[in-house]
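J.: Each protein sequence line maps, in turn, to chains A, H, L and B.
Read in the working numbering, the first sequence has 85 at position 95, and its numbers run on one by one without any break.
Read in the working numbering, the second sequence has 179 at position 189, and its numbers run on one by one without any break.
Read in the working numbering, the third sequence has 136 at position 146, and its numbers run on one by one without any break.
Read in the working numbering, the fourth sequence has 154 at position 164, and its numbers run on one by one without any break.
All residues carry an ideal CB built from backbone N, CA and C; glycine is no exception.
Number of protein chains: 4
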Amino acid sequence: MPKVGMGPVRRKQLVDATISSIHTYGLADTTVTRIARSAGVSPGIVHHYFTDKDDLLFESMRQMLRSLKIEVLKRLKNSNTKAERLNAIIEASFSPEQFSPEVTSAWLALYASSRHSPGLFRILQLYHRRLRSNLLDALGGNNPQNLDKAEAIAALIDGLYLRAALNLDDSDMQQLQQLACKMSAKLAGN
Amino acid sequence: MPKVGMGPVRRKQLVDATISSIHTYGLADTTVTRIARSAGVSPGIVHHYFTDKDDLLFESMRQMLRSLKIEVLKRLKNSNTKAERLNAIIEASFSPEQFSPEVTSAWLALYASSRHSPGLFRILQLYHRRLRSNLLDALGGNNPQNLDKAEAIAALIDGLYLRAALNLDDSDMQQLQQLACKMSAKLAGN
Amino acid sequence: MPKVGMGPVRRKQLVDATISSIHTYGLADTTVTRIARSAGVSPGIVHHYFTDKDDLLFESMRQMLRSLKIEVLKRLKNSNTKAERLNAIIEASFSPEQFSPEVTSAWLALYASSRHSPGLFRILQLYHRRLRSNLLDALGGNNPQNLDKAEAIAALIDGLYLRAALNLDDSDMQQLQQLACKMSAKLAGN
Amino acid sequence: MPKVGMGPVRRKQLVDATISSIHTYGLADTTVTRIARSAGVSPGIVHHYFTDKDDLLFESMRQMLRSLKIEVLKRLKNSNTKAERLNAIIEASFSPEQFSPEVTSAWLALYASSRHSPGLFRILQLYHRRLRSNLLDALGGNNPQNLDKAEAIAALIDGLYLRAALNLDDSDMQQLQQLACKMSAKLAGN
DNA sequence: AATGAATGAGCCTTCATTCAT
DNA sequence: TATGAATGAAGGCTCATTCAT
Chain A
-9 MPKVGMGPVR RKQLVDATIS SIHTYGLADT TVTRIARSAG VSPGIVHHYF
41 TDKDDLLFES MRQMLRSLKI EVLKRLKNSN TKAERLNAII EASFSPEQFS
91 PEVTSAWLAL YASSRHSPGL FRILQLYHRR LRSNLLDALG GNNPQNLDKA
141 EAIAALIDGL YLRAALNLDD SDMQQLQQLA CKMSAKLAGN
Chain H
-9 MPKVGMGPVR RKQLVDATIS SIHTYGLADT TVTRIARSAG VSPGIVHHYF
41 TDKDDLLFES MRQMLRSLKI EVLKRLKNSN TKAERLNAII EASFSPEQFS
91 PEVTSAWLAL YASSRHSPGL FRILQLYHRR LRSNLLDALG GNNPQNLDKA
141 EAIAALIDGL YLRAALNLDD SDMQQLQQLA CKMSAKLAGN
Chain L
-9 MPKVGMGPVR RKQLVDATIS SIHTYGLADT TVTRIARSAG VSPGIVHHYF
41 TDKDDLLFES MRQMLRSLKI EVLKRLKNSN TKAERLNAII EASFSPEQFS
91 PEVTSAWLAL YASSRHSPGL FRILQLYHRR LRSNLLDALG GNNPQNLDKA
141 EAIAALIDGL YLRAALNLDD SDMQQLQQLA CKMSAKLAGN
Chain B
-9 MPKVGMGPVR RKQLVDATIS SIHTYGLADT TVTRIARSAG VSPGIVHHYF
41 TDKDDLLFES MRQMLRSLKI EVLKRLKNSN TKAERLNAII EASFSPEQFS
91 PEVTSAWLAL YASSRHSPGL FRILQLYHRR LRSNLLDALG GNNPQNLDKA
141 EAIAALIDGL YLRAALNLDD SDMQQLQQLA CKMSAKLAGN
């Protein structure tokens, strides 16, 4: 049953299975075999498409960040005022795609493990830089005061996301999004 | 070299070694043997004082939360105004004891793994409830508006903590503490 | 050197290696690693074919009992008189296949450990029921007197087997078989 | 609370705890710590009174065989006819002291493990020799025919004992004793 | 392209034994 | 005499990775 041109398809399958497995079993119990089974393929195939397990985890985080980036850009394109740009950034983070239980679980797990994984660390830094840059832009430029605000808003977003990942308050996306926007506006103000 | 009455001492040693090991090697590479060696004891002794590895991880988290609780209570005792009480809570979280690289690393790692560890999940919920309760109190009572504020401030604290854990901006405790206080005040205001 | 369709072959190899290892080292010193090495495979593969060590031990006992059952049925098929049927049962127990040093050693060891192993206990009960049933049939029906006789003959068989397993008298199969038949005939008579 | 002259007492305590532990947990799960706890002493004390664990197991078997020997001698002393002597031997094996669940369990477990334990092997050979000698005596002397009979009766005793150890037929001591006597008489006859 | 058998390193855990007290 | 803290060697088991097919 070998097929040609399966590369991209298999890669996506495996990345999705990885995210899903992290959500279901936790990162510690996410084994290559389990991922493969969940993707409906054999364990061996994983190393055909990915260098090793770390590479697969890395690509999973990358897919999530790529997806977030697209979401942000899409919304920024339609934003004209500062306030709109700020909301665009926040709403992107809490959009359905970025905020499914699977994605938040995987995000938290990989985020936490990034300290000891150079690859993950690197792309998460990129994400943070981009987020800060976007926020500074939405706040009206890079100055000490705005740096503080950007830092706080970024922390607010991550914090809300983080707490949602633990399902600590059975969080409703819609509601959380509104809270994030409202509070960010406060932080952005004087 | 067996000695009597070493129980509490050994337990503390092992918990500290665990926190330190998580920081140095990451949770995934924190093995019982490594913890024991780091504590200067043999691998076998770990199971003399803890049921199993999970128990040791649990107790490590517990020690951190207990320490935080003490810090908060100590500061709340000397706080009279609402603003002081709010600051007390925040400053406790960013006090030297709670905010060493070792502790933040361990906190993040265990926080992330709590979704699939009933014990960790439970005590983290307790922490969150207590934090919310303290914040509501500092904000002047439990009402819908304050609930939102408390949620946001809690997220801000966790978010700043989280980002510091990744050392993303080589954060300076002092500075972060001030930022947290300032921004929380904004969130608390109208 | 992975090959396809090796399942049944490997399972048989491992079961035989288990029986042999129990004979050579004793059940207490029969480790998974030792079994694997004796079968010429790696330790890890054992858990590819068996749930765990207990499962492997269970399957080893099962193979011995299955083999005995086949031997008994084969001989009963050619038996017409009561006396012949009684001899058939006994001779099967002391046939070369059932009575090698390896098999008797393993049989004794697993028999003894069955008290604390539900799986082993179950299949040994099946064996005992079948033996009793066969004996009652050979004795001419289920009545109190025959029950006593069956019990005694079964005990005689087990006892002789047991003592042979300890090699207490450097027992010769042929001779033992004859003794068992002769004495069983006595027990069967009035 | 060190006391002098505790030697014999402690040794008996530990041997009894060993037998009891084998019955309750099985030989494989009978650990030194468990034995000690069951005897109400500390794990370390075991090696004060016994060379090592094997020594303790050996002494446990020895106590059981010693007890059996005493029981046999006591009954033989009052036996005058051949038939009485035969019954004396059998009844001793199934007397309350020898036939408690604890003792039968321990007996079976140690019996089975004796193949790979020189010490156990030795004293069990002694037991077998004594049993054979007693039986030959009761049968009227050492000749080929009586050797066969003695062998069969010994096997019958061990077999019945063995099956009782597994509790395969919820055996009642009284009844089993009678069965053993009746069937032995058959085997002893011509 | 795909399978899954096979490896082997390493982890958690247990436990007989020793030893300071 | 007695404790129980401590060691260290093994054992069962898991799992990322490789490789013949």
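(1) Assuming contact is defined by CB atoms lying nearer than 8 Å, are D138 of chain B and L146 of chain L in contact in what I supplied?
(2) Does DSSP classify A8 of chain H as helix, strand or coil?
(3) Here's a check: name, in chain order, each residue in its chain whose Cβ is nearer than 7 Å to the Cβ of L152 of chain H, leaving out the five neighbours to either side.
(4) Can you pull the chain H neighbours of A99 of chain A, defined as C-beta to C-beta under 9 Å?
(5) Spatial neighbours of L114 of chain H within its chain, please: C-beta separation below 7 Å, excluding the five flanking residues on both sides.
(6) Here's the rule I'm using: 16 or more other beta-carbon atoms within 10 Å means buried, otherwise exposed. How should V(-1) of chain L be labelled?
(7) Report yes if the C-beta distance between I12 of chain A and S95 of chain A is below 8 Å; otherwise report no.
(8) For D148 of chain A and chain H, any beta-carbon pair shorter than 8 Å?
(9) With a threshold of 7 Å on Cβ separation, who are the neighbours of L121 of chain B within its own chain once the five nearest residues in sequence on each side are excluded?
(10) Could you work out which residues of chain B lie near R241 of chain L, taking near to mean beta carbons separated by less than 7 Å?
(11) Give every residue of the same chain whose Cβ lies closer than 8 Å to the Cβ of M173 of chain H, excluding the five residues on either side of it in the sequence, and list them in chain order.
(12) Does the distance from the CB of L116 of chain B to the CB of Q88 of chain B come in under 8 Å?
(13) Is it the case that the Cβ atoms of D162 of chain H and G149 of chain A are separated by a distance below 8 Å?
(14) Which residues, in order along the segment -1 to 27 of chain B, keep a beta-carbon less than 8 Å from a beta-carbon of chain L?
(15) Grouping DSSP H, G and I as helix and E and B as strand, with all else coil, what is G(-3) of chain B?
(16) Alpha helix (DSSP H) containing S203 of chain L: first to last residue?
(17) Does any C-beta atom of chain H lie closer than 8 Å to the C-beta of K72 of chain A?
(18) Would you say E141 of chain L faces chain B, with C-beta separation under 8 Å as the test?
(19) Can you name the residues of chain B whose CB is closer than 8 Å to the CB of L156 of chain L?
(20) Within 8 Å of any Cβ in chain H, is that where the Cβ of A29 of chain A sits?
(21) Pick out whichever of A:V31, A:T14, A:L76, A:Y39 has its Cα sitting closest to the Cα of Q167 of chain A.
(22) Going by C-alpha distance, which of H:N136, H:L4, H:D44, H:T14 is nearest S178 of chain H?
(23) Considering A99 of chain B, what are the terminal residues of the alpha helix (DSSP H) in which it resides?
(24) Check the Cβ-Cβ distances between M163 of chain A and every residue of chain H, and say whether any is below 8 Å.
(25) Could one say the Cβ of S69 of chain A lies closer than 8 Å to chain H's Cβ atoms, at least one of them?
(26) Quick check: what's the CA-CA separation for M54 of chain H versus V93 of chain H?
(27) Less than 6 Å between C-beta atoms, sequence neighbours within five positions excluded: which residues of the same chain meet that for Q3 of chain A?
(28) If we define contact as Cβ-Cβ less than 8 Å, is A175 of chain B a contact residue for chain L?
(29) The alpha helix (DSSP H) that contains D131 of chain H, what's its start and end?
(30) Please state if the CB of L125 of chain A and the CB of I79 of chain A are separated by a distance shorter than 8 Å.
(31) If you follow the alpha helix (DSSP H) that L28 of chain L is part of, which residue opens it and which one closes it?
(32) What residue range is occupied by the uninterrupted alpha helix (DSSP H) comprising E87 of chain L?
(33) Taking just the CA atoms, how far does F84 of chain A sit from R69 of chain A?
(34) Using 10 angstroms around the beta-carbon of I60 of chain A, count the other beta-carbons present and answer buried if the total reaches 16, otherwise exposed.
(35) Using the rule of at least 16 other Cβ atoms within 10 Å of the residue's Cβ for burial, across every protein chain shown, is S50 of chain A buried or exposed?
T.: A quick look at the data gives this:
(1) no
(2) It is Thr, not Ala, that sits at residue 8 of chain H in the sequence shown. Correct three-state label for T8 of chain H: helix.
(3) L98
(4) A102, S103, R105
(5) Y101, S104
(6) exposed
(7) With respect to S95 of chain A, I12 of chain A sits close: the two C-beta atoms are nearer than 8 Å.
(8) yes
(9) A144
(10) Examination of residue 241 of chain L is not possible in this model, given that chain L is present from -9 through 180 alone.
(11) L146
(12) no
(13) no
(14) Y15, G16, L17, A18, D19
(15) helix
(16) Residue 203 of chain L cannot be examined here, being either before or after the span of chain L that is shown, -9 to 180.
(17) no
(18) yes
(19) Y101, S104, R105, F111, L114
(20) no
(21) A:L76
(22) It is Ala, not Ser, that sits at residue 178 of chain H in the sequence shown. Closest option to A178 of chain H, Cα to Cα, is H:N136.
(23) Counting along the chain, A99 of chain B sits inside the alpha helix (DSSP H) bounded by residues 91 to 103.
(24) no
(25) It does not: the Cβ of S69 of chain A has no partner Cβ on chain H nearer than 8 Å.
(26) 7 Å
(27) Only A29 meet the Cβ criterion.
(28) no
(29) Per the sequence presented here, residue 131 of chain H reads as Gly, with Asp not at that position. In the DSSP assignment, G131 of chain H falls outside any alpha helix (DSSP H), carrying neither H nor E.
(30) yes
(31) Going by the sequence as given, residue 28 of chain L is Ser instead of Leu. Here the alpha helix (DSSP H) through S28 of chain L covers 22 to 29.
(32) Element bounds for E87 of chain L: n/a, residue is neither H nor E.
(33) Position check: residue 69 of chain A holds Ser in this sequence, whereas Arg was assumed. S69 of chain A and F84 of chain A have their alpha carbons spaced roughly 17 Å apart.
(34) exposed
(35) buried
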